Each structure stands twice: as C-alpha cells, then as structure tokens.
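Residue numbers (our numbering), protein chains in the order written: chain A, 25 to 135; chain B, 21 to 132. Encoded as structure tokens, the structure appears first; notes follow it.
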C-alpha cells in the first residue's frame, strides 16, 4: 500500500547512544518532515526537506541531524541521545496540491 | 502509554450535536491549511484541507472555515459521533519555504 513507513516502531536507548530513524515514502513526494510529539505539546517540527539533497531546520532542531540522499527517504539521526529526546516521532510527506501523509510513529525512550 | 491528549484543552459535546473546533494560526503568509485527527496510539489522520484563496470547504459531515483577516480557522463537525472523539490539530503551510507547522491540539470528547 502506498504511504509513509517509519522504522523502527519502538526503541529504547541509553543516554549517549546514537540511532537513526528512517522514513520512507513511495508517493514521489517532494517535501518531507520530521516531528516530535510530547504530551500537551502537539507536533513540533524538528527538520524538514523540500527536495532530494536539501534539508532545513524546524522549530526544535537541536540534538538532531537529518539527511535526504534519496527522494523517497528522510533520515533522522540522534548522535548522542538524551532523556529529553524521549518522545514519539512522526514523519510526513507532502506534494504541492496534495495533502500530507503521516507515518504511524516511532516511540523512543531514552533512559 | 500517556495519552497524546493529556493536558490539551478539551471540548465536550453531546452525541448528535454539532462541534466547532477553533484554531488561530500565526503566519499571514500561510497559504494552505489542514485539519488532522489523532486517536490514541496512532498517527495523525487527514480530515480536510483548504487553500488560502477559499473561505469555506465542505466534506462529509465536516466543514472548514478560513478567516484570513483574523488568522482563524475552524472545523465544524455535524452530528458528532462517539467515533469523533480524538485530538484535533490544525496545521498551516507557508508556501515560501514549505514549512508545515501544527497548532497544539484540542481534545474532542463526545458524551453518549
């Protein structure tokens, strides 16, 4: 089925560990976004990309890096995880004239 | 796990009544607006969208109204059902840089 796929769905990290979250979309969308969602905070934009090879900072970029080497994939990296990065992460993709599609989320716990 | 709706403003309505959920957006340059619904443990689900050259758009049981003068967006749900209980978010997209940002969300609770 067409859509946005996030991997992994769940992960527990120790403080200081690194990891990469993968977002893959098969709709040939140009724009992709990474959000984090915490209770009472709604979805906050971490980083986004307006096309292959481009990335830009969102509202809460600190502690995260991203890459968009292929149009269909948008990677979110945590170089040194902190407990404050415990959250649910959502990826979205969008094309002009179309609505955004979301992945099902990645629940990350940093202990 | 903790509900995504915890600590968010709550709108409580009687089943069968109409619901109106309001959203104030921040950027006068935003040109595209979306309403999403999110149930516990799931990702956001698209409800309806509207472009800045429109004032109103209707879907099935839902209507979105856009007032650009006061930067206000509303979602009207007709004949609210228990299945409408969820957290609702508005999102705005700024065409210039294609940022897509969300409001804080409102929890809709439907009383039987």
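Using N, Cα and C, we set each Cβ at its ideal position, and we do this for glycine too. What you are looking at is a predicted structure, and each value in this text was computed from that prediction instead of being measured.
Length of the line joining the Cα atoms of residue i and residue j
i: residue 58 of chain B; j: residue 86 of chain B; result: 21 Å
i: residue 123 of chain B; j: residue 102 of chain B; result: 23 Å
i: residue 23 of chain B; j: residue 95 of chain A; result: Only weak support is given to the placement of residue 23 of chain B: the predicted model assigns it a pLDDT of 44, under 50, and the question is left unresolved by the model.
i: residue 28 of chain B; j: residue 125 of chain B; result: 7 Å
i: residue 28 of chain A; j: residue 67 of chain A; result: 17 Å
i: residue 115 of chain A; j: residue 126 of chain A; result: 6 Å
i: residue 21 of chain B; j: residue 131 of chain A; result: With a pLDDT of only 36 at residue 21 of chain B, under the threshold of 50, the placement of this residue in the model should not be trusted; the figure read from the coordinates follows. If you take the alpha carbons of residue 21 of chain B and residue 131 of chain A, they lie about 10 Å apart.
i: residue 135 of chain A; j: residue 42 of chain A; result: 13 Å
i: residue 52 of chain A; j: residue 30 of chain A; result: 16 Å
i: residue 40 of chain A; j: residue 110 of chain A; result: 13 Å
i: residue 92 of chain A; j: residue 37 of chain A; result: 24 Å
i: residue 96 of chain B; j: residue 50 of chain B; result: 21 Å
i: residue 136 of chain A; j: residue 56 of chain A; result: Beyond the ends of chain A as shown, which are 25 and 135, falls residue 136 of chain A; an answer cannot be given.
i: residue 82 of chain B; j: residue 106 of chain A; result: 41 Å
i: residue 133 of chain A; j: residue 89 of chain B; result: 42 Å
i: residue 74 of chain A; j: residue 129 of chain A; result: 21 Å
i: residue 123 of chain A; j: residue 67 of chain B; result: 10 Å
i: residue 72 of chain A; j: residue 105 of chain B; result: 30 Å
In DSSP terms, what residue i is bridged to
i: residue 119 of chain B; result: B:114
i: residue 53 of chain A; result: DSSP output for residue 53 of chain A lists no bridge partner at all.
i: residue 61 of chain A; result: A:67 and A:112
i: residue 44 of chain A; result: A:101
i: residue 37 of chain A; result: A:134
i: residue 130 of chain B; result: B:33
i: residue 118 of chain A; result: A:55
i: residue 208 of chain A; result: Residue coverage of chain A in this structure runs from 25 to 135, which leaves residue 208 of chain A outside it and unanswerable.
i: residue 29 of chain A; result: A:48
Presumed contact (8 Å Cβ cut-off) between residue i and residue j, rounded CB distance
i: residue 131 of chain B; j: residue 60 of chain B; result: Actually they do not touch by this definition, with Cβ atoms about 18 Å apart.
i: residue 88 of chain A; j: residue 99 of chain A; result: With 8 Å as the limit, residue 88 of chain A and residue 99 of chain A do not qualify as a contact, their Cβ atoms being about 10 Å apart.
i: residue 65 of chain B; j: residue 52 of chain B; result: Contact flag wrong, Cβ pair sits at about 18 Å.
i: residue 98 of chain B; j: residue 42 of chain B; result: 16 Å between Cβ atoms; not a contact.
i: residue 121 of chain B; j: residue 111 of chain B; result: 7 Å
Practice task
Jot down the residue ranges of each uninterrupted beta strand (DSSP E) in the segment 28-112 of chain B, minimum 3 residues, whole runs only, in chain order.
Solution key: 30-34, 39-44, 50-58, 65-71, 76-78, 82-87 and 92-97
Handout entry: Near-chain A residues of the segment 103-121 of chain B - C-beta to any C-beta below 8 Å
Key = 109, 111, 113, 117, 118, 119, 120 and 121
Exercise for the section: Give, in chain order, every residue of the segment 104-133 of chain A whose Cβ lies closer than 8 Å to some Cβ of chain B. Expected result: 112, 114, 116, 118, 123, 124, 125, 126, 127, 128, 129 and 131
Problem - Contact residues within the segment 50-64 of chain A, judged by C-beta distance below 7 Å to chain B - result: 55, 57, 61, 63 and 64
Problem - Interface positions of the segment 29-42 of chain B facing chain A (Cβ-Cβ less than 9 Å), listed along the chain - result: none
Exercise for the section: Anything in the segment 70-98 of chain A with a Cβ closer than 8 Å to a Cβ of chain B? List those residues in chain order, please. Expected result: 72, 74, 80, 82 and 83
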